[in-house]
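Numbering (this note's numbering), first residue to last: 834 to 999.
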């Protein structure tokens with residue numbers, strides 16, 4: 834499944850670039866599953882990145898969006914399956930360690946009713962950094978190369994939520 838998953842990196846990165854270009858926000862995203870550029874190292878804490886690299890565990894895509902004088906950090910984990918608790922906690926680890934503002938689990942299958950109910954009843958599963966960060970779970974349609982909001986689970990201030998006007 835890892836090979837199949839890696840085939841999704843380029844179309845999902847393309848979607849992200851297109852989305853943020855349309856919004857007029859300056860941004861930079863890169864595929865980081867195996868290597869990390871200096872541009873990303875300069876934005877994220879390099880000591881923490883080194884730790885993750887040493888343990889051979891990195892988010893699939895990382896990047897940032899300019900907001901005023903600061904850059905908001907993003908991490909993405911891609912799965913060619915429906916969202917799982919295991920995948921949520923994998924992403925939560927990256928978001929927590931790297932102190933990312935936004936964290937996304939992007940899956941090709943829709944979230945199950947059971948997991949959706951669990952997330953609605955226990956919202957702390959999606960939070961990290963003492964509740965200052967939250968994970969959004971996105972259903973990505975491979976054919977249209979778009980997200981499907983109906984089958985996604987967004988945090989309240991989500992940058993990718995089409996219903997969010999910020």
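Each residue gets a CB set at the ideal place from its N, CA and C atoms; glycine is no exception.
Does DSSP put residue i in a helix, in a strand, or in coil?
i	result
residue 893	coil
residue 878	coil
residue 838	helix
residue 958	helix
residue 857	coil
residue 970	strand
residue 869	coil
Pick out whichever of the options has its Cα sitting closest to the Cα of residue i.
i	options	result
residue 859	898, 868 and 838	898
residue 932	992, 967 and 870	967
residue 868	856, 975 and 887	887
residue 864	838, 901, 975 and 980	838
residue 926	852, 882 and 971	882
residue 890	924, 857 and 874	924
What separation, rounded to the nearest whole angstrom, lies between the Cα atoms of residue i and residue j?
i	j	result
residue 955	residue 949	10 Å
residue 957	residue 876	27 Å
residue 982	residue 939	12 Å
residue 978	residue 945	21 Å
residue 973	residue 866	19 Å
My understanding is that residue i touches residue j, with C-beta atoms under 8 Å, so please give their C-beta distance in whole angstroms.
i	j	result
residue 930	residue 885	6 Å
residue 786	residue 942	There is simply no residue 786 to check, as the chain begins at 834 and stops at 999 in what is shown.
residue 961	residue 928	5 Å
residue 896	residue 848	No, residue 896 and residue 848 are not in contact; Cβ-Cβ is about 13 Å, not under 8 Å.
> What are the complete beta strand (DSSP E) segments, minimum 3 residues, inside the segment 881-956?
Replying inline: Along the length of the segment 881-956, whole beta strand (DSSP E) runs at least 3 residues long occupy 894-900, 903-912 and 935-940, reported in chain order.
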